[in-house]
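Written out below as structure tokens is the structure these notes cover.
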Amino acid sequence: MQVIADLQLHSKFSRAVSKEMTLLNLALWAKKKGIGLIATGDWTHPKWFMEIERDLEEMGNGLLKIKDQKSNIKNIVPSALVANKDFDPTSVLSLITPSAQSLRESEAGQNPPDGEAGFVRSPQGMISPNPLFLLASEVSCIYTQGGKGRRVHTLIWVPSLESARKINKEMTRQGCNLLSDGRPIIGLTSIQVAELVFTIEPKALVIPAHCLMPTSYILQEDFHSKEIQNIKIGESVLTHTGSFQKVTEVKKRAFSGDVITIQPWYFRPGLTTTPEHPYYAIQTIKKCPSTGDICRPSESHRAICKHKAYLGYSPKWIQAKDLTVGDVLVYPRSVSKKKVSQISLIDDKNKSDVAKITVSAGGSRGRTMDSRLMLTPEFGRLFGYYLAEGSTDGNNSFSFCFSKNEEEYVEDVIALVQAVFHLDHPRIYLRHHAQSIEITFYSKIHAEWFSRIAYTGSVRRAFSKCVPDFLLHAEPIVQGECLRGWYRGDKGYTSSQTLMNQMKAICLMLGIIPSIHIDTVAMHTKRGKHTIGKRIIYATHASYSFTNFAFFSDSLDLKKEIPRSQTKIDRKHGWIDDTHVYLPIKDITISSYDGEVYNLEVEHDHSYVAEFAAVHNCWTPWFAMYGSMSGFDSISDAFGKYADRIFAVETGLSSNPSMNWCIPELDSRTILSFSDAHSLPKLGREATVFEYSGELSDFSYQHIYEAISRQQSVVSQAES
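Mind the numbering: the sequence shown is residues 14 to 733 in our numbering, read in order.
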């Protein structure tokens, strides 16, 4: 037979739990739902422990059952029924072999109606045998270990009331306030809890307890982006540390439910994920003792904050559902340690150790030139101009086009091309019926070079422009001049998604946080027709705009180039350090989603960076003592010398079973998943199933212990 069990729930003495969670009601609902074994929950709470002693009796095999109720009728039925003159006490004995009708009448309005989804019946339609009870409780351990805050929820199962009583007594002696909640918060470490429990009851079981949309763009090497659904194993992605690591696995699953969009200041597009997906973030103190507002190390707040609680902040992995407005997303600056000072016109790899050779420019002149290009500030600014206003035919020439009133930039480009490429005598063309000036330089080598390095593919259009990799590793002054040239030409606008991400990366490297807005094709179309003269203009690509710049550093005097960053009040949101930028959350919205969601397994860092947020692999898995609030990387770290006696971990509802085995140390342990019910209707929404050859009345704690410790005859199932 199969013993269907719900082994994790909470009593009426826990926070946010229904007052109807009594032992009698648990028995009634378990019988109705076909659950043969149910947890008592919360035996660490003194008042609940008294009710367990009053209403349950030990069977002598490590499990309990409802007492013979003839002598204790008033303790198990509603007082309103007992006071009724027509009440028949013998009807309560239906607990032994109840009918569906007696179940419905025993607690008017509290028991489920016939045929409700999720009920389990035998083929004859009879209710399941009387359920057994397992002494199970949960404690929340909050403490500091290894310089980090830890939080581990731990389940404790024991085979006798005497063991539970002794454990409660010892926890109380060690300063634990067990009356505080059904799941008490205690200051003991996981190791101390394990030592306490196993010293009193060697047969105890201690169990540590408690994704992205397919079109989410992930940053890869050189800050190119790709939809997560198109990323392949072996490709490299940016991680929360600012480094690039290889993808070892791509996972997807069906998802239907609410998704959460988190939008920080500056990076307003934000990111949409499933509720359990972890972000690299900081949970802030929302009411500073000094100022009454959010405590964070912004310039304005530091000046008046006396308590400086923000000094204790450190980034953690926090699930989307646990973030609130005012918390802070942490995003890597990815400052390159490798610096490139020169490249080659003919070497596609553009290695820094370029040999000094000459190349022929071809044509009738037969000119020769040095193949090396030095990455100077002039080179950076020239390339910035090209990204904004440049084009090439890919064969013979490259050009720049400016407005008639931008003569200063025209003269600058002519001087820069002569200084960097040693080309002069450009063709300057003033277009008729247009307010623009076109400057064309003729050079086969340079035309081919621009077509090769300034675009993401073979199509040479504005939407495919990109920053070549060597500029991302150039000296800051070169990158700053590239930003200067690009902004002069395009004023912070581009239709290239790659260029947007790369310029954002350069800004962050330079200590500047840009505000980024996306005008999608759908948004452009929705605003109505756009015309120039009689022509209707259709958008075929999104437009990305850098609408403002927050300068946390301006050693290159770039601020004067960007008048839109100048406001009457130089207010900055968030802050910056050597490795990351810190972006306060401005908005959080919830929407419905039905489709596939994706996740990546990334070596070493187990994280990846989307365009506007850094996230963790939520199937790595995100449960038990792993996770944002505990920070443990292994069972050994959490439980020390008792790790070999931790036979199982509990995953929770959000865990993806196919990913749970990505952690090697789980190969020798059982993975369990429980309903964690806080109300009677939620009972059994997830079940643990034991395969057993005998009768339910003969099932024992030893069978549970052997099944979990040996990983035999136990299966976790979710309600379909």
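Idealized CB from N, CA, C, for every residue including glycine.
Check residue i in the structure and name its three-state DSSP category.
| i | result |
| --- | --- |
| W278 | coil |
| P291 | strand |
| Q15 | strand |
| F257 | strand |
| F625 | coil |
| C739 | With the chain covering only 14 through 733, there is no way to say anything about residue 739. |
| S449 | strand |
| F476 | helix |
| R698 | coil |
| S412 | strand |
| F268 | strand |
| T538 | helix |
| A333 | helix |
| M513 | helix |
| S710 | helix |
| Y323 | helix |
| Q233 | strand |
Looking only at its chain, what residues have a beta carbon closer than 8 Å to the beta carbon of residue i, apart from the 5 residues adjacent to it on each side?
| i | result |
| --- | --- |
| H320 | C301, P302, S303 and C308 |
| S349 | L485, H486 and M522 |
| L192 | H58, P59 and K60 |
| F211 | A217, V219, Y655 and R658 |
| N181 | W56, T57, P59, F62 and L191 |
Return the first residue and the last residue of the beta strand (DSSP E) that residue i is part of.
| i | result |
| --- | --- |
| V491 | Premise fails: V491 lies in the alpha helix (DSSP H), P489 to D503, not in any beta strand (DSSP E). |
| S605 | H593 to V615 |
| T157 | L145 to Q158 |
| F559 | S556 to F564 |
| H530 | I525 to D532 |
| E663 | A661 to E663 |
| A52 | L50 to A52 |
Which same chain residues end up closer than 7 Å to residue i when comparing Cβ atoms and leaving out the 5 residues on each side of it in sequence?
| i | result |
| --- | --- |
| Y466 | The sequence shown places Ile at residue 466, not Tyr. Closer than 7 Å at the Cβ level, and outside the excluded window around I466, lie P481. |
| F280 | I529, L596 and F625 |
| S27 | D55, D194, G195 and R196 |
| F415 | E402, Y422, V423, S449 and I450 |
| W499 | G397, L400, A401 and M516 |
| R497 | R394, G397, L571 and E574 |
| I734 | In the structure displayed, the chain extends from 14 to 733; residue 734 sits before or after that span and is not available. |
Please classify residue i as buried or exposed, where buried requires at least 16 neighbouring CB atoms within 10 angstroms.
| i | result |
| --- | --- |
| E494 | buried |
| Q448 | exposed |
| L443 | exposed |
| S150 | buried |
| A316 | exposed |
| D689 | buried |
| Q233 | buried |
| D271 | exposed |
| Q276 | buried |
| R186 | exposed |
| E704 | exposed |
| K46 | buried |
| S706 | exposed |
| S647 | exposed |
| I441 | exposed |
Under DSSP, the alpha helix (DSSP H) around residue i begins and ends at which residues?
| i | result |
| --- | --- |
| K60 | P59 to D68 |
| K572 | Neither: K572 is in no alpha helix (DSSP H) and is coded neither H nor E. |
| K457 | K457 to I466 |
| Y398 | P390 to E402 |
| R385 | Where R385 is concerned, there is no enclosing alpha helix (DSSP H), although the beta strand (DSSP E) it sits in stretches over R385 to M387. |
| T718 | With the sequence shown as reference, residue 718 is identified as Tyr, and Thr is not the correct amino acid for it. Counting along the chain, the alpha helix (DSSP H) containing Y718 begins and ends at Y714 to R723. |
| E424 | E420 to F434 |
| T773 | Past the edges of the chain, shown from 14 to 733, lies residue 773, and the structure says nothing about it. |
| W42 | L36 to K46 |
| I648 | I648 to F652 |
| E312 | E312 to I317 |
| L20 | Note, L20: premise wrong, no alpha helix (DSSP H); not H, not E. |
Spell out whether any CB of chain C is found under 8 Å from the CB atom of residue i.
| i | result |
| --- | --- |
| S173 | No chain C is present in this structure, which holds just one protein chain. |
Using a Cβ-Cβ cutoff of less than 6 Å, which residues in the same chain neighbour residue i once the five nearest sequence positions on both sides are dropped?
| i | result |
| --- | --- |
| F396 | C495 |
| L512 | K478 and C479 |
| P288 | I273, A333 and K334 |
| F463 | T405 and F411 |
| I241 | L225, S229, I231 and Y611 |
| S508 | A475, F476, H554 and S556 |
| T337 | none |
Cβ of residue i versus every heavy atom of the ligand NAD: is any distance shorter than 7 Å?
| i | result |
| --- | --- |
| E663 | As for the ligand NAD, it is missing from this structure, which has no ligand bound. |
Unbroken alpha helix (DSSP H) runs of length 4 or more, entirely within the region 164-201: which are they? 174-186
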